[in-house]
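Okay, so the sequence shown: first residue is 1 according to the UniProt record's numbering, each after it adds one.
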Amino acid sequence: MVTAAPLSSWPWENLGNLKYLLYGPFVAKVLYSWGQGELLEDKSTQWCLGVLICNFVRYLVHDGWSTFNAMLFLNRNRRIVQNGTDFKQIDREWDWDNYLVMQVMFGFVAYYMLPFMVDLPLWSFESLLVVLALHVAISEPLFYWVHRLFHENKFLFSNYHSLHHSSPVPHPQTAQLLTVLEHLLLFVVTAIPVLGSSLIGFGSISTNVGYLIIFDFLRCLGHCNVEVFSSKIFDALPFLKYLIYTPSYHTLHHQEMGTNFCLFMPLYDALWNTLNPKSWDLQKKTSSGENSRVPDFVFLAHVVDLTSSMHAPFVMRSYASKPYKVPLLLLPFLPVAFLIMLAMWAWSKAFLVSFYYLRGKLHQTWVVPRFGFQYFLPFAADGINNKIEEAILTANKIGVKVISLAALNKNEALNGGGTLFVNKHPDLRVRVVHGNTLTAAVILNEIPKDVKEVFLTGATSKLGRAIALYLCRRQVRVLMLTLSTERFQKIQREAPPEYQNYLVQVTKYQAAQHCKTWIVGKWITLREQNWAPSGTHFHQFVVPPILAFRRDCTYGDLAAMRLPEDVQGLGSCEYTMDRGVVHACHAGGVVHFLEGYTHHEVGAIEVERIDQVWEAAMRHGLKAVSSVPKSIES
1 MVTAAPLSSW PWENLGNLKY LLYGPFVAKV LYSWGQGELL EDKSTQWCLG VLICNFVRYL
61 VHDGWSTFNA MLFLNRNRRI VQNGTDFKQI DREWDWDNYL VMQVMFGFVA YYMLPFMVDL
121 PLWSFESLLV VLALHVAISE PLFYWVHRLF HENKFLFSNY HSLHHSSPVP HPQTAQLLTV
181 LEHLLLFVVT AIPVLGSSLI GFGSISTNVG YLIIFDFLRC LGHCNVEVFS SKIFDALPFL
241 KYLIYTPSYH TLHHQEMGTN FCLFMPLYDA LWNTLNPKSW DLQKKTSSGE NSRVPDFVFL
301 AHVVDLTSSM HAPFVMRSYA SKPYKVPLLL LPFLPVAFLI MLAMWAWSKA FLVSFYYLRG
361 KLHQTWVVPR FGFQYFLPFA ADGINNKIEE AILTANKIGV KVISLAALNK NEALNGGGTL
421 FVNKHPDLRV RVVHGNTLTA AVILNEIPKD VKEVFLTGAT SKLGRAIALY LCRRQVRVLM
481 LTLSTERFQK IQREAPPEYQ NYLVQVTKYQ AAQHCKTWIV GKWITLREQN WAPSGTHFHQ
541 FVVPPILAFR RDCTYGDLAA MRLPEDVQGL GSCEYTMDRG VVHACHAGGV VHFLEGYTHH
601 EVGAIEVERI DQVWEAAMRH GLKAVSSVPK SIES
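Here it is, written out as structure tokens:
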């Protein structure tokens with residue numbers, strides 16, 4: 001049995017979110033005093049409120065830096081480590097705020113153990129100078145030597161500090177991924193200027209609180225993985241190189257570990273000969289944008305609705321790392337999301353929101369700043385197409401090889417499944433792909449081989465047409481729901497003559513009351529679902545998915561595929577999909593890129609390519625995600 005080293009794990013480690021109940025007594029005291037009208041009279045309550053507010057601001061500092069880190073549309077050219085934070089790192093850093101829970105408890109202990117801290121003045125200029133002097137003279141060198149000791153001592157590194165270095169990509173929350181012992185020592189480092197200045201009579205509340213907040217701010221800065229300083233600043237004022245570290249400076253410590261041990265001031269690395277000689281060259285290279293990469297593949301997505309707009313890494317990476325749902329805690333932030341929506345419309349650019357690497361190639365997701373309901377407004381069509389076209393031309397200009405259109409961005413009524421852009425720009429180097437060939441393959445793969453009859457809604461859409469033509473060749477009778485005889489006959493004529501009789505036009509849902517295999521490509525209500533017999537399975541390719549009204553029936557998910565196992569840097573979920581799972585049209589674009597196809601995949605689906613694309617997806621390690629896993633009959 002392996003015994004963990006003392007102070008290497010948190011006492012509330014197994015409590016999950018219940019750890020926040022430790023704030024309960026202090027919040028209750030503030031609320032009680034407020035209710036009694038004693039909030040401004042009782043010093044202990046004021047202290048409790050002050051400590052809670054200070055902690056809240058420190059949370060905001062970390063969340064603000066985390067948001068900036070994930071704003072790829074702003075900082076992609078200044079990222080130091082090009083990989084993304086994956087799910088393992090996000091889960092590892094999930095409880096980054098343990099130290100804030102610990103320190104808030106210390107704050108309340110200080111009220112009783114250090115009564116002189118309660119009566120400090122609100123502001124004192126002398127306190128600012130004393131805190132700064134104590135930090136530079138004591139905290140900085142103390143941190144340097146303790147940090148260096150944790151690296152040079154094998155026991156300390158393996159049992160404590162290795163956790164901090166287990167995150168391959170620095171992130172603001174990585175700054176607090178430390179064991180209990182390390183946070184206790186870091187607390188001593190921060191307490192020296194705060195307590196020292198107060199003990200000698202120069203303390204002030206604003207300086208002490210400000211020091212803690214700035215301390216966290218600078219820790220996040222060093223771990224943000226985005227070079228925020230221009231090299232011109234250090235060229236103009238060379239001495240600043242030794243007074244403030246940069247994100248690239250600290251990233252070198254994470255990469256090589258034997259150098260750059262300082263807290264915030266490289267001066268101490270220079271004094272004790274541990275300054276990495278590559279520090280300033282890396283800083284200049286990163287700040288100039290030389291470290292950036294052009295994506296090989298782009299998936300052009302769109303926002304579905306206002307709540308789903310918050311399911312983005314730059315809003316809250318922990319929320320984005322799980323499949324989308326609507327938590328009640330986020331509903332109060334809808335007004336903020338609405339304002340951001342207006343800002344996105346005003347900016348009107350395709351936003352880079354996530355990326356991952358597959359086979360060493362960079363795959364990115366861009367988002368057109370348009371919401372689902374806008375795609376159904378006739379007067380909005382031209383504006384939406386202009387933004388999609390702008391994204392395609394941008395991808396073409398920078399050298400992207402494949403751009404794949406998501407869901408409504410390839411709507412047939414909007415742009416003919418992408419044909420509008422290909423016809424308008426015949427010399428495009430980037431391949432435009434709707435990915436629906438693989439979507440059709442995934443849906444067809446769900447249908448058991450022994451099925452002899454299916455009911456198909458949305459039968460004359462791109463996907464509906466391809467599914468019908470494919471199934472009739474398998475001698476499956478397809479009941480195609482459509483009121484347009486002309487469109488039905490057009491599709492029927494595309495089938496080989498010997499299979500045309502397997503395509504049957506129906507105009508009412510009643511025609512499917514004995515058919516247990518429904519393929520839904522158009523949204524259907526409870527009343528319409530009631531025509532399905534008990535035991536029916538609803539396959540679907542409709543956006544949004546139909547509601548599961550019937551308990552005596554089963555419902556398939558939207559067509560999706562799991563990315564290959566060697567994908568790297570993926571840390572966000574695609575809408576309601578599980579981790580590592582993407583919509584089939586996204587996967588279709590990936591296959592198009594991996595196979596090196598040179599044609600545009602736009603407009604009508606080529607039925608003859610369905611098996612070819614499916615086999616290519618399997619060959620490249622993609623796996624179908626289906627509630628009814630079957631294989632397509634050759």
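Ideal Cβ placement from N, Cα and C applies to all residues, glycine included.
Practice item. Go through its chain and collect everything with a Cβ distance to N159's Cβ below 7 Å, but skip five positions before and after it. Key: A5 and S8
Exercise for review: Note down, in chain order, each residue of its chain lying with its Cβ closer than 8 Å to the Cβ of Y324, except the 5 sequence neighbours on either side.
Suggested key: S308, H311, C573, Y575 and T576
Practice item. Would you tell me roughly how many angstroms separate the C-alpha atoms of L622 and E565, rounded to the nearest one? Key: 8 Å
Exercise for review: Give me the Cα-Cα distance between N411 and K285, rounded to the nearest whole angstrom.
Suggested key: 42 Å
Check your understanding: Is D427 buried or exposed, if buried means 16 or more other CB atoms sit within 10 Å of its CB?
Key -> exposed
Review point. Quick one: what's got a C-beta closer than 7 Å to Y375's C-beta in the same chain, skipping five residues either side?
Key: I384, L408, N411 and L414
Exercise for review: Per DSSP, which residues does V582 bridge with? Please list them.
Suggested key: M561
Check your understanding: So, helix, strand or coil for I138, using DSSP?
Key -> helix
Practice item. Kindly indicate which residue of Q500, R487, E498 and T517 has the alpha-carbon position closest to the one of T507. Key: R487
Review point. Between the beta-carbon of A350 and the beta-carbon of T394, is there less than 8 Å?
Key: yes
**Study point:** Buried/exposed call for F56, threshold 16 Cβ in 10 Å
**Key:** exposed
Review point. Buried or exposed: where does Q529 fall if 16 or more other Cβ atoms within 10 Å of its Cβ makes it buried?
Key: buried
Check your understanding: So, using beta-carbon positions, are L558 and F541 closer together than 8 Å?
Key -> yes
Practice item. Pick out whichever of R317, V454 and P496 has its Cα sitting closest to the Cα of M480. Key: V454
Practice item. Name the two residues that bound the continuous beta strand (DSSP E) containing A301. Key: F297 to V303
Check your understanding: In terms of DSSP beta bridges, what is H539 paired with?
Key -> I519
Check your understanding: Considering K361, what are the terminal residues of the beta strand (DSSP E) in which it resides?
Key -> K361 to F371
Check your understanding: Which value, in whole angstroms, describes the spacing of the CA atoms of M316 and I524?
Key -> 34 Å
Point to revise | Simplified DSSP state of R429, which is helix, strand or coil | key: coil
Review point. Which runs of the alpha helix (DSSP H) fall wholly inside the segment 386-429 and span at least 4 residues, in chain order?
Key: 412-415 and 419-424
Review point. In three-state terms, what does DSSP make of K284?
Key: helix
**Study point:** Environment of T517 [buried if 16+ CB atoms lie within 10 Å]
**Key:** buried
Review point. From H363 to G64, what does the alpha carbon distance come to, in whole angstroms?
Key: 26 Å
Check your understanding: Any idea which residues DSSP pairs F351 with across the strands?
Key -> V367
Exercise for review: Note down, in chain order, each residue of its chain lying with its Cβ closer than 7 Å to the Cβ of A548, except the 5 sequence neighbours on either side.
Suggested key: Y555
Review point. Is the Cβ-Cβ distance between E293 and Q82 less than 8 Å?
Key: Looking at the sequence shown, residue 293 is not Glu but Arg. Going by C-beta atoms, R293 is nearer than 8 Å to Q82.
Check your understanding: Among R148, I340, V298 and A137, which one has its Cα closest to the Cα of H434?
Key -> V298
**Study point:** D119 versus A617, Q46 and A380, residue with shortest Cα-Cα distance
**Key:** Q46
Exercise for review: Please go through the same chain and pick out, in chain order, the residues whose beta-carbon is closer than 7 Å to the beta-carbon of S484, but skip the five residues on each side of it.
Suggested key: T460
Practice item. Look at the Cβ atom of V228, then the Cβ atom of N208, and state whether they are nearer than 8 Å. Key: no
Check your understanding: Helix, strand or coil: which one does DSSP assign to E633?
Key -> Bear in mind that the predicted position of E633 carries a pLDDT of just 37, short of 50, making it too unreliable to give a figure here.
Review point. Terminal residues of the continuous alpha helix (DSSP H) containing K232?
Key: S231 to A236
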